[in-house]
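Engineer: Handing you this structure, nothing more for now.
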Amino acid sequence: MAKIIPTKTPMREQPAAQRVRNFDEVPHGYSLEEAVQEAKRCLQCKKPFCVEGCPVGIDIPSFITYIKEKKLREGIDRIKETNILPAICGRVCPQEEQCEKRCILGKKHQPVAIGRLERFLADWERNEGKAELPVVAKKTGKRVAVVGAGPAGITVAADLVKQGHEIDVFEALHEPGGVLVYGIPEFRLPKDIVFTEIDFLKKLGVRIHLDTVIGMITSLDELLEEFDAVFIGTGAGLPWFMGLSGENLNGVYSANEYLTRANLMKAYLFPKYKTPITVGKRVATIGGGNVAMDCARSALRLGAEESILIYRRAREQMPAREEEIHHAEEEGIQFNLLTNPIAYHGDGRGWLKNIECIRMELGEADESGRRRPVPVDGSNFMIPADVLVVAIGNSPNPLIPNTTPDIATTRWRTIETDPETGRTSKRGVFAGGDVATGAATVIQAMGAGKIAARGIQAYLETGEW
Amino acid sequence: MKIIDKKIIAPNVHEMTLAAPGIAEKARAGQFAIAIPNRFSERTPLTLADWDAGKGEVSVVFLEIGDATRDLAALTTGDEMYSFTGPLGQPFDIDKFGKVGLVGGCYGIGGILPAARAMQAAGNEVVAFSEARSSFLLYWNDKLEEAAHDVRYSTSDGSLGRKGHAHDLLAENLEEGEHFDRILAIGCTFMMYRIAQVTRPYQIKTVVSMNPIMIDGTGMCGACRLSIGGKTKFACVDGPHFDGHEVDWDVVLARRKAYLEEEIVAKER
Ligand SMILES: Cc1cc2nc3c(=O)[nH]c(=O)nc-3n(C[C@H](O)[C@H](O)[C@H](O)COP(=O)(O)OP(=O)(O)OC[C@H]3O[C@@H](n4cnc5c(N)ncnc54)[C@H](O)[C@@H]3O)c2cc1C
Chain X
227 MAKIIPTKTP
237 MREQPAAQRV
247 RNFDEVPHGY
257 SLEEAVQEAK
267 RCLQCKKPFC
277 VEGCPVGIDI
287 PSFITYIKEK
297 KLREGIDRIK
307 ETNILPAICG
317 RVCPQEEQCE
327 KRCILGKKHQ
337 PVAIGRLERF
347 LADWERNEGK
357 AELPVVAKKT
367 GKRVAVVGAG
377 PAGITVAADL
387 VKQGHEIDVF
397 EALHEPGGVL
407 VYGIPEFRLP
417 KDIVFTEIDF
427 LKKLGVRIHL
437 DTVIGMITSL
447 DELLEEFDAV
457 FIGTGAGLPW
467 FMGLSGENLN
477 GVYSANEYLT
487 RANLMKAYLF
497 PKYKTPITVG
507 KRVATIGGGN
517 VAMDCARSAL
527 RLGAEESILI
537 YRRAREQMPA
547 REEEIHHAEE
557 EGIQFNLLTN
567 PIAYHGDGRG
577 WLKNIECIRM
587 ELGEADESGR
597 RRPVPVDGSN
607 FMIPADVLVV
617 AIGNSPNPLI
627 PNTTPDIATT
637 RWRTIETDPE
647 TGRTSKRGVF
657 AGGDVATGAA
667 TVIQAMGAGK
677 IAARGIQAYL
687 ETGEW
Chain L
13 MKIIDKKIIA
23 PNVHEMTLAA
33 PGIAEKARAG
43 QFAIAIPNRF
53 SERTPLTLAD
63 WDAGKGEVSV
73 VFLEIGDATR
83 DLAALTTGDE
93 MYSFTGPLGQ
103 PFDIDKFGKV
113 GLVGGCYGIG
123 GILPAARAMQ
133 AAGNEVVAFS
143 EARSSFLLYW
153 NDKLEEAAHD
163 VRYSTSDGSL
173 GRKGHAHDLL
183 AENLEEGEHF
193 DRILAIGCTF
203 MMYRIAQVTR
213 PYQIKTVVSM
223 NPIMIDGTGM
233 CGACRLSIGG
243 KTKFACVDGP
253 HFDGHEVDWD
263 VVLARRKAYL
273 EEEIVAKER
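Note that the protein sequences, when read in sequence, are chains X and L.
Numbered by the numbering used here, the letters in the first sequence go through residues 227 to 691 in order.
Numbered by the numbering used here, the letters in the second sequence go through residues 13 to 281 in order.
Laid out in structure tokens, this is it:
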């Protein structure tokens, strides 16, 4: 048996000093040689735990074998049997908590770089320019409406169009993709990749209606008159704020607004694209998740001199992916850990000037087992900043529940669904993704989409609820 | 979305009619749409000023003031609008209130027309207040006169109606003992603020149509947050109409401060 190489084959990336001034993708991806070398590290377990760790159950050992044998077509086809967005998942999935976490190699060494290999195959296919169309079943004459063109909606559409149903996707914004286009920045997920995947969907015969806000122009009940089933994948909604004084000062953004301006509206290409964004000299971001990292890293690329992160717990407790934290550190983001804002002070002319913060220390563990941060009395201090991005999460999108009184919601205002089938309390209506679970991940939204697609398929076949 | 007709109805004021059958069918007084004139432009909220469900057409009125509205103004009859989404926001609360005053300034003169029609249909006595700097800047006088029982004009230069602003005229009417059961105001922030100030002592419910900066308009980005009665509200999904006496005007005016002075200067000139 060949000797085990303990570490992942490294992936080349743009040096930090260079990349903080552009919006190009940071890691370059594997070459064929690098991919084959990494594929050889896989132990090909009889009982592959990695597959169990994947929310959509990709046949991981099998696609890795194809890479080893340089049978790339077969490899990508194998992935696409279960995952229609590999180029995206290979980039943004938290593999370290899913497939790679369960990798046997990872017990002693670094796990196989499953995400990078997935990305490699997907990029190969895209660059070859000929994504193969899967076989579509005979037309069933059934029609399904999908509300929201994010990862959850896209997955439902793809799975059901293959079953021969007619699919119409309704999207509120002027571009499909959901968070993939309005939230996750270009340097982490180039938008061309998202558009290629959406094109693929269109080639399968899915119709996408943009600029269409369900609940406003068409109610859910009206959709049900025309369609045999409806899937709701409307994602996340309004941002949370902390309710501190000065929150409405000019220069204070929610993460959603900041990222939407930068990504969807392409403020980073201002003035060619006309949506403005306040660049600021010192930009502070509040939060410790992926969204906060995206904001803090975008700030530098937009031209800020300094980008500062404020997070109330310790580094180990940050919910962001390790890779993102690491990239942010490399790029020179200043981390203010165990620090919480308590008030925002203006410059007297309506603009943000100072963030008043208080130091925190870790106290007793709470129910979640994490040590709770408690403020240190009298430790108040100021962090000067002219732009502030609040990235502490958001509530689910309110539009459908607000306009559909007979759909049951939880006390967090997420839509109630049956975990086995994706059914809501309303006959013929299914839901999944962030609108049902609260903010989660791309792959979880896709997993929920897969479950709902099966639920819809069963309902269309039997007509039973 | 095809632009069926585009014309200049007063200096710097444009009326645009689009083929949008779905929106025309669903639109109700007080709702808005978001337009992106071309691929590079901003998303721009516009109040729905008129529509015809039978013909499948909707009309908006806008002033050419910034980058976004310049791009809009550059489009003409026969052109395609890059993106047009609606209807958005909550409609006005329409009911039989009694005597209703509708105040419109700048784009809001167009905005009060559907409200006038709906309020009249609901059995109210409708008085419209239309204001501009000069008579040649007023528009849709005929449409308003048809939809309301009475239209009262005010112009800064006194060229039509009372010299001064709509709030001066309304204040005068109230002082003279005229009674209103409800006031709706659409137009620039400062005008709505002044109207709310005028009606406050009389405790007349005054609904203002807020126009904060918005991006998506569908309840996602949070740019349009306002402080209403001490609570954070979002104009795109909770509004855009709020009780003018509950709006925290200091915050609104501060958030608009960069532009406010120019607005006042422009209006006083
Ligand atoms: C900045 C940021 C970074 C992230 N980074 C990662 C990451 O690295 N890895 C990861 O796995 N996850 C990440 N996530 C989370 C992930 O993006 C989401 O969990 C996922 O996109 C949810 O998918 P969804 O399909 O449920 O909803 P969304 O992607 O939110 O899509 C919902 C769509 O529905 C549309 N819509 C809403 N209401 C209506 C309506 N009434 N009618 C019609 N259309 C409507 C919306 O416009 C939107 O396009 C990140 C999220 C953000 C915000």
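The beta-carbon is built from N, C-alpha and C at its ideal position, and this holds for glycine as well.
1) Do the region 328 to 344 of chain X and the region 287 to 294 of chain X touch if we need at least three Cβ pairs shorter than 8 Å?
2) Find the nearest neighbour of residue 637/X within the set 398/X, 664/X and 394/X, judged by alpha-carbon distance.
3) Just to make sure I have the definition right: I need the residues of chain L whose C-beta is within less than 8 Å of the C-beta of residue 624/X. Which are they?
4) Ligand 1 and residue 396/X: does the residue's C-beta get closer than 7 Å to at least one heavy atom of that ligand?
5) Name the chain L residues whose beta carbon is nearer than 9 Å to that of residue 474/X?
6) Exposed or buried, which one is residue 653/X when buried takes at least 16 other CB atoms within 10 Å?
7) Work out the CA separation of residue 661/X and residue 388/X for me, nearest whole Å.
8) Going by DSSP in three states, residue 188/L sits in which element: helix, strand or coil?
9) Which of the three DSSP states, helix, strand or coil, is assigned to residue 638/X?
10) Going by C-alpha to C-alpha distance, which of 133/L, 174/L and 157/L sits closest to residue 147/L?
11) Between residue 198/X and chain L, is the shortest Cβ-Cβ distance under 8 Å, so that the two count as touching?
12) At least one CB of chain X closer than 8 Å to the CB of residue 15/L: is that the case?
13) Would residue 67/L count as contacting chain X if we go by Cβ distances under 8 Å?
14) Using a beta-carbon distance below 8 Å, is residue 60/L in contact with chain X?
15) Are the CB atoms of residue 254/L and residue 210/L within a distance shorter than 8 Å?
16) Listed in chain order, which residues of the region 376 to 406 of chain X have Cβ atoms closer than 7 Å to some Cβ of chain L?
17) Compare the C-beta of residue 111/L against all C-beta atoms of chain X and say whether one is closer than 8 Å.
18) Closer than 9 Å, Cβ to Cβ, to anything on chain L: give me those residues from the region 496 to 524 of chain X, in chain order.
19) Report the partner residues of residue 476/X according to the DSSP bridge assignment.
20) Report buried or exposed for residue 152/L, applying the criterion of at least 16 other Cβ atoms within 10 angstroms of its Cβ.
21) CB residue 166/L to CB residue 141/L, shorter than 8 Å?
22) Residues in its own chain within less than 8 Å of residue 573/X by CB, not counting five upstream and five downstream?
23) Could you tell me the distance, in whole angstroms, from the CA atom of residue 464/X to the CA atom of residue 620/X?
24) Please report how far the alpha carbon of residue 171/L lies from the alpha carbon of residue 144/L, in whole angstroms.
25) Cβ of residue 622/X versus every heavy atom of ligand 1: is any distance shorter than 7 Å?
26) Give me the DSSP bridge partner(s) of residue 188/X.
27) Using a Cβ-Cβ cut-off of 8 Å, state whether residue 137/L counts as contacting chain X.
28) Is residue 263/L helix, strand or coil by DSSP?
29) Is the region 13 to 29 of chain L close to the region 474 to 487 of chain X, with three or more CB pairs under 8 Å?
30) Pull up the CB-CB distance for residue 60/L and residue 74/L, whole angstroms please, since I reckon it's below 8 Å.
31) Exposed or buried, which one is residue 527/X when buried takes at least 16 other CB atoms within 10 Å?
32) Which residue marks the beginning of the beta strand (DSSP E) containing residue 622/X, and which one marks its end?
33) Where residue 68/L and residue 34/L are concerned, what is the direct C-alpha to C-alpha distance, given to the nearest angstrom?
34) Would you kindly check if the distance between the Cβ of residue 398/X and the Cβ of residue 230/L is under 8 Å?
35) As a quick exercise: from 17/L, 236/L and 99/L, pick the residue whose alpha carbon is nearest that of residue 482/X.
36) Determine, for residue 103/L, whether the minimum Cβ-Cβ distance to residues of chain X falls below 8 Å.
Structural biologist: Let's see:
1) yes
2) 664/X
3) 231 and 249
4) Inclusion of residue 396/X in the 7 Å shell around ligand 1 follows from its C-beta lying nearer than that to a non-hydrogen atom of the ligand.
5) 237, 238, 239, 244, 260, 263, 264, 266 and 267
6) Classification of residue 653/X: exposed, given that the 10 Å Cβ count is below 16.
7) Each residue's alpha carbon lies about 25 Å from the other.
8) coil
9) coil
10) 174/L
11) Outside the modelled stretch of chain X, which goes from 227 to 691, sits residue 198/X, for which no answer is possible.
12) no
13) Answer no: the Cβ-Cβ gap between residue 67/L and chain X never drops below 8 Å.
14) no
15) The Cβ atoms of residue 210/L and residue 254/L do not sit closer than 8 Å to each other.
16) 398, 399 and 400
17) By this cut-off, residue 111/L is not an interface position.
18) Listed by position along the chain: 497, 498, 499, 500, 501 and 502.
19) BP columns for residue 476/X point to 577/X.
20) buried
21) yes
22) 579
23) 5 Å
24) Cα to Cα, the separation comes out at about 10 Å.
25) no
26) Only positions 227 to 691 of chain X appear in the structure, and residue 188/X is not among them; the question remains open.
27) no
28) helix
29) no
30) In fact, because the Cβ distance is near 12 Å, the residues do not count as touching under 8 Å.
31) buried
32) That run of the beta strand (DSSP E) goes 620 to 622.
33) 7 Å
34) yes
35) 236/L
36) no
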